[in-house]
Structure formats: C-alpha cells, structure tokens
Amino acid sequence: MGSQSDWPTMTKAAAVLDELGVSYDARIVSAHRTPDRLHEFGKNAAENGFQVVIAGAGGAAHLPGMIAALTHLPVLGVPVQSRTLSGLDSLLSIVQMPAGVPTGTLAIGDAGATNAGIMAASILALNDAALTERLKAYRAAQTGKVAEKPSDPES
Ligand code: RP5
1 MGSQSDWPTM
11 TKAAAVLDEL
21 GVSYDARIVS
31 AHRTPDRLHE
41 FGKNAAENGF
51 QVVIAGAGGA
61 AHLPGMIAAL
71 THLPVLGVPV
81 QSRTLSGLDS
91 LLSIVQMPAG
101 VPTGTLAIGD
111 AGATNAGIMA
121 ASILALNDAA
131 LTERLKAYRA
141 AQTGKVAEKP
151 SDPES
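Residues in the sequence shown are numbered consecutively from 1, following full-length UniProt numbering.
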C-alpha cells in the first residue's frame, strides 16, 4: 500500500487472506515518497517469491500501475477512498492503463480490498488444490448466510 493511512482499507484484503490460509507480506511502498523502494520491490518481486501483488493506493494512485510496469506478476489494484474526491481519483488513476501493462482494478475502498484478497486467492488456487477447497468453502459459507426473506429491522 502507498501509505500507513491505506492500512484500514487494505487490512480487509489481509483478513481474507488470513481466513483462506494464504501467506502474504504487507508493506508500505509509496510511488511518490519512496520511489527507490517501489523500484526495488517491483523489480525483485517474482525473484523474491511473490506470486500475486495487491497494490492499494489513493489519490494520484500510481502505485499499482508502476508495480505492473516493473513485474510480470499479476497486479490487483485497489483504489483507496480518498478524502477529497471519495476515491474516484484513485479509481481513474489505476484503471486506465495503456495496452500491454495490465493492472486488474477492483472497487473503491473496503469492498475492493476484500475482493482483491479473494481474487488473489483464486489465482493462487489454480495451482493449489487445498486452497481451491478452502475457497469453495468460503464462497459456500457466504452463500449460506443470505436469508431468503428479510427480517424486520430492530426498532
Ligand atoms: C497515496 O496518497 C496513498 O496511497 C494514500 O492513499 C494517499 C494519502 O497518503 P497520506 O498523505 O495519508 O500518507 O500515496
């Protein structure tokens, strides 16, 4: 993520990965404030054993696109909800990548972070039968929580 201030959002991705038993490394890598760290991370991510990168950033959110420029690994971008433009700036900064440098772009905010975690797990599950089973169980449990009829709101 681009900043400590992104962590309340990105922790939603971490929570899903914890639940699905996927190991990860959460780091602060700012495209603007720590460009050398960004370059070092992106260039060496595959060699260092990473298989998927979830990159969350807000505002002028260049982090996901720059990581995607530096690695062939799949990069999932999470537009963090910004204070001034509610994350529309983050979304547009991430989603409009030029052809040839794909950055998967999730929804703005918590939903996007949660879905990035699930999507990262589903990519990894392609080569991991045990993870596939955990992912299927996660999805089934989610389905099982949806009632057919609404209950009355508490007064
Ligand atoms: C981006 O700027 C970060 O990803 C964050 O969402 C936003 C604001 O950062 P802070 O000023 O809160 O550190 O680089």
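The beta-carbon is built from N, C-alpha and C at its ideal position, and this holds for glycine as well. Predicted, not measured: the structure shown is a model, and the values here were computed from it.
Problem set entry | Residues near threonine 105 by beta carbon distance below 6 angstroms, same chain, minus five either side | Residue 105 sits at position 105 when you count from the first residue of the sequence shown. Gly77, Ile94, Val95, listed in sequence order.
For this session: Put proline 79 into one of helix, strand or coil per three-state DSSP.
Result: Here the question's residue 79 lines up with position 79 in the sequence shown. In this structure, proline 79 counts as strand in the three-state DSSP scheme.
Exercise. Alpha carbon to alpha carbon, what distance is there between glycine 144 and alanine 55?
Worked result: Residue 55 sits at position 55 when you count from the first residue of the sequence shown. Residue 144 sits at position 144 when you count from the first residue of the sequence shown. Using only the alpha carbons, I get a separation of about 30 angstroms.
Exercise. Going along the chain, which unbroken runs of the beta strand (DSSP E) with 3 or more residues stay wholly within the UniProt domain "PurE" (1-146)?
Worked result: 53-58, 75-80
For this session: Go through its chain and collect everything with a Cβ distance to alanine 116's Cβ below 6 angstroms, but skip five positions before and after it.
Result: For this step, residue 116 is matched to residue 116 along the sequence shown. Cβ within range, chain order: Ala13, Ile54, Leu76, Val78, Leu106.
Exercise. For histidine 72, is the classification buried or exposed, using 16 other Cβ atoms within 10 angstroms of its Cβ as the cut-off for buried?
Worked result: Numbered from 1 along the sequence shown, position 72 holds the residue referred to as residue 72. Exposed is the call here.
Exercise. Candidates Val29, Ser30, Ala15: which alpha carbon is nearest serine 23's?
Worked result: Numbered from 1 along the sequence shown, position 23 holds the residue referred to as residue 23. Serine 23 has its Cα closest to that of Ala15, out of Val29, Ser30, Ala15.
For this session: For serine 5, count neighbouring Cβ atoms within 10 angstroms of its own Cβ and tell me buried if that reaches 16, exposed if not.
Result: Counting from 1 along the sequence shown, the entry for residue 5 is found at position 5. So serine 5 ends up on the exposed side.
Problem set entry | Of the listed residues Gly112, Asp25, Thr114, nearest to asparagine 48 (C-alpha basis) | As a first step, residue 48 must be located in the sequence shown, where it is residue number 48. Asparagine 48 has its Cα closest to that of Asp25, out of Gly112, Asp25, Thr114.
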